[in-house]
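Reviewing the structure listed below.
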Amino acid sequence: MALLLAFGRRGLLGPWLDETFGITLPFHTSGAVLAATFVAMPFLVISLEGALAGLRPRYEETAGSLGPPPCGSSGRSPCPWSPPGSPRARR
Numbered sequence: 196m197a198l199l200l201a202f203g204r205r206g207l208l209g210p211w212l213d214e215t216f217g218i219t220l221p222f223h224t225s226g227a228v229l230a231a232t233f234v235a236m237p238f239l240v241i242s243l244e245g246a247l248a249g250l251r252p253r254y255e256e257t258a259g260s261l262g263p264p265p266c267g268s269s270g271r272s273p274c275p276w277s278p279p280g281s282p283r284a285r286r
């Protein structure tokens, strides 16, 4: 219901998307993809959170000592070691 109110033909963003880009989401394949992504996102977050929580902090400390800023090391270092919970592993 919230997606329809936001992206519907008379919703908050629906008329703007239609006028600007010619995109109509309700009752279209792209709307179904957006809705499926919206519904599946919490499951992805829970899975990824569990995988990242299982990593040793030593990996981030080592990545931080190699030179990137702290925000860069936390985004890059856990990714190779978290395949069980990441969508990259499902290729």
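Under our numbering, the letters of the sequence shown match residues 196 to 286, in that order. From the three backbone atoms N, C-alpha and C, an ideal C-beta is built for every residue, glycine too. Computed from a prediction, not measured in an experiment: that's the story for all the values here.
For the candidate residues the options, whose alpha-carbon lies nearest to that of residue i?
i    : options                   : result
L220 : I241, L198 and P237       : L198
H223 : F238, A246, R204 and G245 : R204
Can you give me the C-alpha to C-alpha distance between residue i and residue j, rounded to a whole angstrom?
i    : j    : result
R251 : A227 : 38 angstroms
I218 : L200 : 16 angstroms
T232 : V240 : 12 angstroms
G206 : L212 : 10 angstroms
T215 : L229 : 19 angstroms
L261 : E244 : 24 angstroms
Apart from the five residues just before and just after residue i, which ones in its own chain have a Cβ nearer than 6 angstroms to its Cβ?
i    : result
M196 : none
Suppose the cutoff is 8 angstroms on Cβ atoms and the five residues either side in sequence are ignored; what does the same chain contact list for residue i look like?
i    : result
F202 : L208, G209, L212, L220, P221, G226 and L229
R253 : none
Does the Cβ of residue i lie closer than 7 angstroms to at least one heavy atom of the ligand ZN?
i    : result
L220 : Inclusion of the ligand ZN in the displayed structure is not the case, the ligand content being empty and no account of it being possible.
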